[in-house]
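To start, the structure itself, in structure tokens.
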Amino acid sequence: MKPNIIERLITNNPLRAFSQRHIEGPMLRKMAGRNEYPLCFEIGCGRGIGAQVIIEQFGDEGVIATDIDPEQIERANRNLNPNLKGRIEFKVADAMAIDEPDGKFDAVFSFGVLHHMEDWRKAVTEISRVLKKGGEFFFEEPFRPSQIVSL
Ligand SMILES: C[S@@+](CC[C@H](N)C(=O)[O-])C[C@H]1O[C@@H](n2cnc3c(N)ncnc32)[C@H](O)[C@@H]1O
0 MKPNIIERLI
10 TNNPLRAFSQ
20 RHIEGPMLRK
30 MAGRNEYPLC
40 FEIGCGRGIG
50 AQVIIEQFGD
60 EGVIATDIDP
70 EQIERANRNL
80 NPNLKGRIEF
90 KVADAMAIDE
100 PDGKFDAVFS
110 FGVLHHMEDW
120 RKAVTEISRV
130 LKKGGEFFFE
140 EPFRPSQIVS
150 L
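Numbering (numbering that gives the first Met the number 0), first residue to last: 0 to 150.
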């Protein structure tokens with residue numbers, strides 16, 4: 000589901016970027032099972048801060064960062080640090096139908112996105128499909144009901 004104006008204001012601001020860089024990124028990094036994640040995928044990347052966090056804190060070769068909202072992808076491309084251009088690709092995509100082959104990625108990331116899905120189980124199934132065997136799914140959710148799930 001595309002974000003409404005309130006959600007855009009909440010996500011497209013410096014406080015959110017600070018939190019992703021200095022709180023969520025390092026917390027997820029601490030939970031990581033490995034040192035390196037050469038190829039990563041992000042769902043619901045918004046304006047693209049998460050993709051930079053992934054490259055700086057997890058990635059190696061690169062990140063494919065996706066969002067269902069073309070305006071957010073445009074914003075992410077506009078904001079992309081030129082030094083990271085060869086390593087981050089932003090594209091429009093639906094996390095419930097990921098257009099990538101099975102077993103491609105070392106890690107998949109979701110910063111506050113699953114609760115936006117019409118059917119988050121579909122997204123989790125897709126995430127699991129595109130992960131390599133032993134790949135890891137890193138996510139954070141702001142609301143308690145979406146933090147307690149059974150799969
Ligand atoms: C709360 S925002 C989070 C944005 C960014 N990850 C952040 O932490 O600032 C949720 C994002 O998920 C995207 N989104 C919603 N449904 C989606 C779907 N089915 N597939 C991909 N992205 C989706 C929205 O367009 C929005 O950019």
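No residue lacks a Cβ here, since even glycine has one placed at the ideal position from N, Cα and C.
Per-residue DSSP class, three states only, for residue i
i: E99; result: coil
i: L113; result: helix
i: P81; result: helix
i: A122; result: helix
i: K1; result: coil
i: L8; result: helix
i: G134; result: strand
Residue j beta carbon less than 7 Å from that of residue i
i: I53; j: V62; result: yes
i: F137; j: L27; result: yes
i: A122; j: A94; result: yes
i: A92; j: T65; result: yes
i: M30; j: H115; result: no
Residue range of the alpha helix (DSSP H) that includes residue i
i: F17; result: 13–18
i: G24; result: 24–30
Same chain, Cβ closer than 6 Å to residue i, five either side skipped, listed in chain order
i: I126; result: V107, F136
i: G102; result: K131
Own chain, CB closer than 8 Å to residue i, minus 5 neighbours either side, in chain order
i: G111; result: T10, G43, E139, E140, P141
i: N34; result: none
i: I67; result: M0, K1, G43, V91, A92, D93, A94
Residue span of the beta strand (DSSP E) that contains residue i, given as start and end
i: F142; result: Looking at the DSSP string, F142 is not in any beta strand (DSSP E), and its letter there is neither H nor E.
i: E88; result: 87–91
Along the chain, which unbroken stretches of the alpha helix (DSSP H) at least 4 residues long are found entirely within the region 42–77? Segments of the alpha helix (DSSP H) lying fully in the region 42–77: 48–56.
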